[in-house]
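Here's the structure we're looking at; comments come further down.
2 protein chains.
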Amino acid sequence: MATFDVDNVLQQAERSCVEHGARLTSKRKHILEVLLKAEAPRSAYEIAELYRQQTDENIPVMSVYRMLDFLMQNSLVHKLASNNKFIACAHIACSHSHQTPQFLICDKCQQVREIGVDKQLIHALEESIENNHFQLNSPQLELHGVCESCQKQH
Amino acid sequence: MATFDVDNVLQQAERSCVEHGARLTSKRKHILEVLLKAEAPRSAYEIAELYRQQTDENIPVMSVYRMLDFLMQNSLVHKLASNNKFIACAHIACSHSHQTPQFLICDKCQQVREIGVDKQLIHALEESIENNHFQLNSPQLELHGVCESCQKQH
DNA sequence: GGTTGAAATGATATGATATATCATTATTTA
DNA sequence: TAAATAATGATATATCATATCATTTCAACC
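Chains A and B are the protein sequences, given in the same order.
For the first sequence, position 118 matches number 161 in our numbering, and the numbering has no gaps at all.
For the second sequence, position 129 matches number 172 in our numbering, and the numbering has no gaps at all.
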């Protein structure tokens, strides 16, 4: 399903980790690979199962959670709070610096688009929030709806 | 902690249910009351426990979930997807029609403000989304950060 | 008022998501 | 190579949620 070169993205992830002194071990890399190949967000348990299928090796779910934590800390993976699933960052191979992710989640096919909402809009939103004397951590937005191709199948 | 009159809000909830032909039974009302009195969002299990404390009656968690479903369908309660907790709608006693809720969640004290983000802003956001050929269900926003009073305690 | 059908609630089991903790293995560094 | 640190495994358990069938409550009708 991937419309991008998984190996290339993995290499870029590797480079990015080296830069930050983070160790992208072989297992962590495999977890990322699983998510890059997945066509939709996956739960930690689903990831463990896919890992088994793709490597013929067992992996404890506990380890999957830890590796996901690592990948999230390094901006390689995001967690979708609204459905407790994980997704590879869509911008690993992009050169531009990462901004807060915004997600469009299709409630029919479960596919997710990671979009760049207009910066001015996000900025205005942040300002409106700060007028409420609230200090925003990270304005990750998760928006649920129906994607283009599912709309067509009415 | 409530800065509003719980009984008054409950009466308004009652009226609103009658209007819609929905049955706000005594137990459902108690669940709502628990949330109105809570100073922060609560999980279904916490609600069951608070219910026991406040009524001296046991209640199965399964029932709590069902009653929460009812209350959510009738816009009396919202679920925060980002932490799997429930909160009473802040606008039950307001006359104006309910809009999609937006939440500011304090990651220190867990308190939540249900705010009205500028309608134009939300509208612009929706438009930006629809330019991505995505049909939005409901733009409930959950924004995490630090509230005013927690900021002061640095 | 009693009967009946539908809605609400209870009881029980189980699935799904997540974390705590201690043991073991691998890697880095001196 | 030894010691220190980081990563992973193993096990247990906490937490969140749903499926299913039984029982009770309530409204409507005769």
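Yeah, the Cβ is synthetic: ideal placement off N, Cα and C, and Gly gets one too.
Computed from a predicted model, the values in this text were never measured in an experiment.
Does the Cβ of residue i have 16 or more other Cβ atoms within 10 Å, making it buried, or fewer, making it exposed?
i	result
B:Y94	buried
B:S192	exposed
A:H63	exposed
B:Q4	Past the edges of chain B, shown from 44 to 197, lies residue 4 of chain B, and the structure says nothing about it.
A:E76	buried
B:Q145	buried
B:H73	buried
Quick one: Cα of residue i to Cα of residue j, how far?
i	j	result
A:P158	B:N180	Note on residue identity: the sequence assigns Ile, not Pro, to residue 158 of chain A. Each residue's Cα considered, the two are about 17 Å apart.
B:H166	A:S106	42 Å
B:A7	B:S171	Any question about residue 7 of chain B goes unanswered here, given that chain B covers just 44 to 197.
B:H187	B:P84	14 Å
B:E173	A:L147	10 Å
A:Q55	B:V155	39 Å
A:N126	A:Q97	24 Å
A:A91	A:V104	6 Å
B:R66	B:M110	11 Å
B:T143	B:S118	10 Å
A:E100	A:L53	20 Å
B:Q196	B:Q153	15 Å
Does the Cβ-Cβ distance between residue i and residue j come in under 8 Å?
i	j	result
B:F129	B:R71	no
A:V49	A:L79	yes
B:V160	B:L184	yes
A:A136	A:F47	yes
A:P182	A:L168	yes
A:Q178	B:Q178	no
Below 8 Å on the Cβ atoms is my contact criterion, and I expect residue i with residue j to pass it. Report the Cβ-Cβ distance as a whole number of Å.
i	j	result
A:C149	A:V189	6 Å
A:A87	A:Y108	5 Å
Could I get the ranges of all uninterrupted beta strand (DSSP E) runs contained in the segment 134-179 of chain B, with 3 residues as the minimum, in chain order?
-> Counting whole runs of 3 or more residues, the segment 134-179 of chain B contains the beta strand (DSSP E) stretches 145-149, 155-158.
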